[in-house]
Structure formats: C-alpha cells, structure tokens
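Residue numbers (the working numbering): 1 to 113.
For every residue, glycine included, the Cβ atom is placed at its ideal position computed from N, Cα and C.
From a predicted model like this one, the values you see are computed outputs, not experimental measurements.
Here is the structure we will look at.
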C-alpha cells in the first residue's frame, strides 16, 4: 500500500510532508506534490505533517478523490527527477487555497520551463 496526495494540496503545496519522508518518495509539480507509489514504504510519517489533510493510504482515499490514486502514479512517473525532500516556501496564497473545494481544474501538470 502506498500513500496518495489528494485535492487539498492543489495550489497550496506545503512541503512539510516531503521533508519527513525517509525514502524520497515525493515528487514536486508546479502546484501539487505527488507520492511515487513504488518508492513509498507506507511509513505514515507524511500524514501528520500535512496541514491541509491531503494525504491518505490508497485504500482510504475518499470516494470523490479516488482518481488521485492513478494520478499520483502517473505524475510521479512524469515528474521523475523532481524529488523534493526538504521544506520549501508554500505557494503564494496557500492559506487562501487551503479553504477552497473542488480544485482539480487548477492542477498544473507541466512546468513552464
């Protein structure tokens, strides 16, 4: 079982969770973090660190967010090499976005590089 980052992370991208991961399973996207299910060792360390409660075991993801299981897998592969294992500044207006529901349409998969 792996852990999954879900919708509350979009446009917040708090990185406390990534900093405590012992196996560097977190990948960074433009406005979202993902967990590589092949790297995750199911240690649970990240869950308590997420201030927006966006991380769940894959068998406990709320029904409305089940598509994030496949999304984490796909984005972890797409963002390989973008490992994040330290705390960074959250996104501007993260606290405002933390209160927003239904944010999937705002997910950015590609970096503007």
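Any idea if residue i is buried or exposed, counting beta-carbon neighbours within 10 angstroms, 16 or more meaning buried?
i, result
"residue 8", "buried"
"residue 33", "buried"
"residue 38", "exposed"
"residue 106", "exposed"
"residue 48", "exposed"
"residue 50", "buried"
Nearest CA to the CA of residue i: which residue from the options?
i, options, result
"residue 82", "109, 54, 4", "109"
"residue 23", "3, 74, 88", "3"
"residue 90", "21, 105, 28", "28"
"residue 112", "31, 13, 71, 43", "31"
"residue 80", "58, 1, 26", "26"
"residue 93", "68, 12, 44, 5", "12"
"residue 96", "52, 70, 104", "52"
Leaving out the 5 sequence neighbours to the left and right, which residues in its chain are closer than 8 Å to residue i when beta-carbon positions are compared?
i, result
"residue 86", "15, 18, 19"
"residue 100", "11"
Can you pull the DSSP bridge partners for residue i?
i, result
"residue 104", "According to DSSP, which records beta bridges pairwise, residue 104 is partnered with nothing at all."
"residue 26", "35"
"residue 56", "4"
Secondary structure at residue i, three-state DSSP: helix, strand or coil?
i, result
"residue 91", "coil"
"residue 83", "strand"
"residue 44", "coil"
In its own chain, which residues sit with a C-beta less than 6 Å from the C-beta of residue i, not counting the 5 before and 5 after it?
i, result
"residue 62", "none"
"residue 54", "5, 6, 8, 9"
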